[in-house]
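From first to last, the protein sequence lines are chains A and B.
Mapping of the first sequence onto my numbering: position 191 corresponds to residue 191, and the numbering continues sequentially without gaps.
Mapping of the second sequence onto my numbering: position 27 corresponds to residue 512, and the numbering continues sequentially without gaps.
Glycine is no exception: its CB is placed at the ideal position from the N, C-alpha and C atoms.
Heads up, the thing below is written out as structure tokens.
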Amino acid sequence: MDIIDRLRDIVGERATAAPAERLCYSSDASQVRGTPDYVVRPLSTAEVSAVVGLAAAEGVPITARGAGTGLAGGAVPLRGGIVLDLSGMNRILEMDLANLAVVVEPGVIQARLNERLRPFGFFFPPDPGSANFCTIGGLIANNGSGMRCVKYGTTRNYVLDLEVVLADGSVVRTGSRTLKSAAGYDLTRLFIGSEGTLGVVTGAVLRVMPLPKARRLVIASFSSAEEAGRAVARTFAAGIVPSACEILDRTTVAVLRRCEPSLKLPDGDVLLFEVDGSEGAVAEAAAEIAALCSSSSGAAAAASVAVVAGAEEMEEIWAARRLVGAAVSRLDPTKSRIYVGEDVGVPIKMIPALIREVAEISVRFGIPAMKYGHIGDGNLHVALFIDVLDEGEKARLAGAADAIHRAAIRLGGTVSSEHGIGAARSEYMAEQVGFVALSVMRAIKRALDPKGIMNPGKLGLDDGPAGVGGSGCGARADGTPGGKS
Amino acid sequence: MTRDQQEAKIDQRALELCVRCGTCRSVCPAFEVLGWESKNTRGRIMVAKALREGFPPDAGVLDSLNTCTTCGICAAKCPAGANPPSIVQEARRVLVGRGVMTAAQAGFRAKVAESANTFGELGDRLGWLSDREGLPDRADSVYFVGCLDSYRYPEVAARTFEILRRFGVSLLRDEKCCGSPLIRTGSPAETVMEENLRQIREMKAKTVITGCAGCYSTLKRDYPPEFEVVSVPEFLALHLSELDLKRLDMTVTYHDPCHLGRHAGIYDPPREVIRAICRLVEMKRSREEARCCGGGGGVRAGYPDLSLEIAKHRLQDVPDGVDAIVSCCPLCVRNLSDAGAGVEVIDLIDLVARALETA
Ligand SMILES: Cc1cc2nc3c(=O)[nH]c(=O)nc-3n(C[C@H](O)[C@H](O)[C@H](O)COP(=O)(O)OP(=O)(O)OC[C@H]3O[C@@H](n4cnc5c(N)ncnc54)[C@H](O)[C@@H]3O)c2cc1C
Ligand code: SF4
Ligand code: SF4
């Protein structure tokens, strides 16, 4: 019996090998391409287990996928095989708020979870720009985070227990519902950030937090992005921990104004500091940040500082900020944002240096760069934008992305703060984590997935050539189905 | 050479605007029901792009492109400024030009060619009109009825015209389909459009008034800008004080038709008219955020199950305790009632007629 028939035996009409479907699952939001042979949309752990079991028996690669909003090609089946689209497993199974916990399936959309939690006064803090459309499974697999990471941390800090289908189809639970546990290896954390290379997450117990009583937003503008970067370092040195700290360089501000003409944003390179907590505490912290921003002398001082307390105005600014990365073409419809070199991070002190280097690289390669991001945790999103119909620009783009990645590593930072390694950044893994650490990771991979069927070609784990995808630009762009890529 | 035969290609720049971010996944009503990546906005753009590069247009491609209702919520939400419904429409046109289409698409073509309406009805298009005498040959304003009200909701056509007539509005003697179902599904509509245009010119009409959101959108966007297009709710809102409407003791909710709301920005006039008559409670998502009824873009004809399922999803937005759902488009009214609304689904003009009857 053909594999497609056996898949249909498991999930019925929710398995396909239709060319149009395979085409549509051949990419995520990155530049990486690879066409699956089959797409399956399971609705239960039992179905996932049976499909993975079949893949194991047949030696067919299997790639988990959430909403396909990943920016590293993580959900792209580089070696073909089965794509397992988990976005249909989207039930919130239990609200166990007495235990500060919720139980979810992996396909739950981050924002839907927070909509359910809000009336009870709780929230799930990891807050990516893609919150309205990415899945919890994708966030777990990438250890995603977002604007409020600087205070609340990443997804890793909010997973108590996982249900995982292992590479042979067996099902394991990794943790417990308790807030702490000291029983053996921390398997939960092993799977978080493993990008679908060790198993498929089919359920999660998540920890939630009470919503803060109040929030304030401080908006400060500076004469250069570098000066803004210095102001961030000063704020942290003064012992203030904002709940979010974002940079929007002047290009980003221009794009935001195009998207939302009503937004009140100052000229220049802008910092957004959010503080949260009790009424009194946020008022005090906001005033302190405002004072710190304006008190420096000369170019270092903020050109303007404003404090926003209205919930609606704050939400408008955050909503626009969340999607700004994809909105570059609002400035010039002939230019498209290409997500490469977009997720570097450095220790906070090194931010001004990173900003300087990125500016230099942008000039050197003649590729404009918009800079924004979670600067409070050292994460700078660099939006390189080009005319995709211009082959010369395309070629220079790859060089610029590579230079940005290498600069981040040189400054003691990372090629990916939150979007993951996937295929787009796998060539940097050895340099990033060191050869010994990579060898340990490869040993873990072999132990849990001896046949190498789980999302092969990612994270630099394959013993073969490490550089699949490279900077993400050189990868296949044909997009046409034709079996394994 | 007709537009049909021109070797059309989808504009590459329009396609490249999509950065595949996935924002539209969370809003596409067809995807919400079908769940496959090829049935969401991003997938449709990938399909359109692949077609340009020679991807074979099989059934999966046709289903991807033709399950789009052209509701436009993806365009409203797209951070990159892409216009997916127009890409979908272009892609359909390219394929139809090559003779590749679904049975439903071919059905629209055959029916409009044979009967100048989308139903293949051979009966009198003005059958609803009891009194044809005294219809002026020239008028500043004409009422464009549309196929649905002409043949499926004749009482709505009659009620609308009864009011419009008081203001000196006339009718086209031999109105044809506006062309919307053809254009949305990728076929040329010049024949019917030219015939309508000729009559509008002959009547020296400066304004065309219509009660169908699909006709409105088409008259406004696809006809030459020689005349003003006014929707019935806009007309009613403008003349509210002259209508002498009585208040009704009922509570209704309002469904924004995609082609009147998001596509044309007409949100307030229907609400103004409703509030002049009775209580209005908004649907859970309304105005710019309104969900599609599932009827448009050829989906009702081509994928009836999907169409009804989308309508059922929309009905979940209806607030508790309303006496009726009001809309301003016969296709929306029809699809929402067919989906088992539980309360009556009526055209705005029905509500107005009741407020007049009580008078
Ligand atoms: C406009 C935009 C803004 C973004 N902003 C942010 C941001 O601020 N912060 C951030 O962290 N990311 C951001 N991202 C990136 C992306 O949204 C995240 O990486 C997100 O976590 C991916 O979720 P997904 O459901 O789309 O996963 P996918 O892209 O489908 O998959 C991502 C990875 O997870 C694996 N995976 C998915 N589900 C499972 C599962 N159930 N079990 C095992 N493995 C699984 C896949 O194999 C893949 O390796 C942004 C993306 C876009 C397009
Ligand atoms: S929201 Fe726009 S850019 Fe993003 S995937 Fe959809 S169409 Fe493409
Ligand atoms: S127009 Fe509506 S149905 Fe069509 S792709 Fe966009 S959201 Fe989906």
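With 16 or more neighbouring CB atoms inside 10 Å of its own CB, A72 of chain A falls in the buried class. Within 10 angstroms of the beta-carbon of E274 of chain A lie 16 or more other beta-carbons, which makes it buried. Contact residues of the segment 506–534 of chain B toward chain A are C506, G507, T508, C509, R510, S511, V512, G520, W521, E522, S523, K524, N525, R527, G528, R529, M531, V532 and K534 (C-beta to C-beta distance below 9 angstroms). In this structure the segment 386–402 of chain A does not touch the segment 314–322 of chain A; the number of beta carbon pairs closer than 8 angstroms is below three. Within the same chain, G378, N379, G413, T414 and S417 come within 6 angstroms of G345 of chain A by CB-CB distance, once the 5 residues on both sides are set aside.
A direct Cα-Cα distance of roughly 8 angstroms separates V784 of chain B from L791 of chain B. In this structure, DSSP gives K731 of chain B a state outside helix and strand, which the three-state scheme calls coil. The beta carbons of G169 of chain A and S49 of chain A sit closer together than 8 angstroms. Here DSSP, grouped into helix, strand and coil, assigns F222 of chain A to strand.
Counting along the chain, no beta strand (DSSP E) covers R527 of chain B; the unbroken alpha helix (DSSP H) around it starts and ends at T526 to R537. Counting every other CB atom within 10 Å of its CB across the protein chains shown gives Q31 of chain A a total of 16 or more, marking it as buried.
Of all residues in the segment 542–555 of chain B, only D543, G545, V546 and S549 come within less than 7 angstroms of chain A when Cβ atoms are compared, listed by chain position.
Just so you know, the alpha carbons of Q497 of chain B and G746 of chain B end up roughly 28 angstroms apart. Scanning its chain for C-beta atoms nearer than 6 angstroms, with the 5 sequence neighbours on each side dropped, one finds around G277 of chain A the residues P212, in chain order.
No heavy atom of ligand 2 is found nearer than 7 angstroms to the CB of G68 of chain A.
For C506 of chain B, the shortest C-beta to heavy atom distance toward ligand 2 is below 7 angstroms. What you get when you keep residues with a C-beta closer than 7 angstroms to any heavy atom of ligand 3 is B:C509, B:V512, B:C513, B:P514, B:A515, B:F516, B:N525, B:T526, B:R529, B:C553, B:T554, B:T555, B:C556, B:G557, B:I558, B:C559, B:A560, B:P569, B:P570, B:V573, B:C777 and B:G782. If you check the CB distance, L160 of chain A and S145 of chain A do not come in under 8 angstroms. L256 of chain A carries a helical assignment under DSSP once its states are collapsed to helix, strand and coil. For I648 of chain B, there are no CB contacts under 6 angstroms within the same chain when 5 residues up- and downstream are skipped. By the Cβ neighbour-count rule, R686 of chain B is exposed, with fewer than 16 other Cβ atoms within 10 Å of its own.
At least one C-beta of chain B is nearer than 8 angstroms to the C-beta of L323 of chain A. At a threshold of 7 angstroms, G146 of chain A counts as near ligand 1, since its beta carbon sits closer than that to one of the ligand's heavy atoms. Interface with chain B (8 angstroms Cβ-Cβ cutoff): F120 of chain A is excluded.
Proximity of the segment 347–365 of chain A to the segment 598–608 of chain B falls short of the contact definition, fewer than three beta-carbon pairs being nearer than 8 angstroms.
Residue pairing for I247 of chain A: DSSP places it in a beta bridge opposite A:L271 and A:G373.
Collapsing the DSSP output to three states places G399 of chain A in a helix. Using beta-carbon distances, R644 of chain B does not count as an interface residue toward chain A, since no partner is under 8 angstroms. Excluding sequence positions up to five before and after E357 of chain A, its CB lies within less than 7 angstroms of the CB of A407, all in the same chain and listed in chain order. Per DSSP, the continuous alpha helix (DSSP H) segment holding R116 of chain A begins and ends at Q110 to L117. Put simply, the segment 516–536 of chain B does not touch the segment 749–769 of chain B. Fewer than three CB pairs are less than 8 angstroms apart. Taking C-alpha positions only, D269 of chain A is separated from T251 of chain A by approximately 8 angstroms. Taking the C-beta atoms as reference points, R510 of chain B is found no nearer than 8 angstroms to R529 of chain B.
Counting only residues of its own chain and dropping the five nearest sequence neighbours on each side, A303 of chain A has a CB closer than 6 angstroms to the CB of S221 and G268. Y185 of chain A sits exposed, since fewer than 16 C-beta atoms from the chains shown fall within 10 Å of its C-beta.
As DSSP reads the structure, Y158 of chain A sits in no beta bridge.
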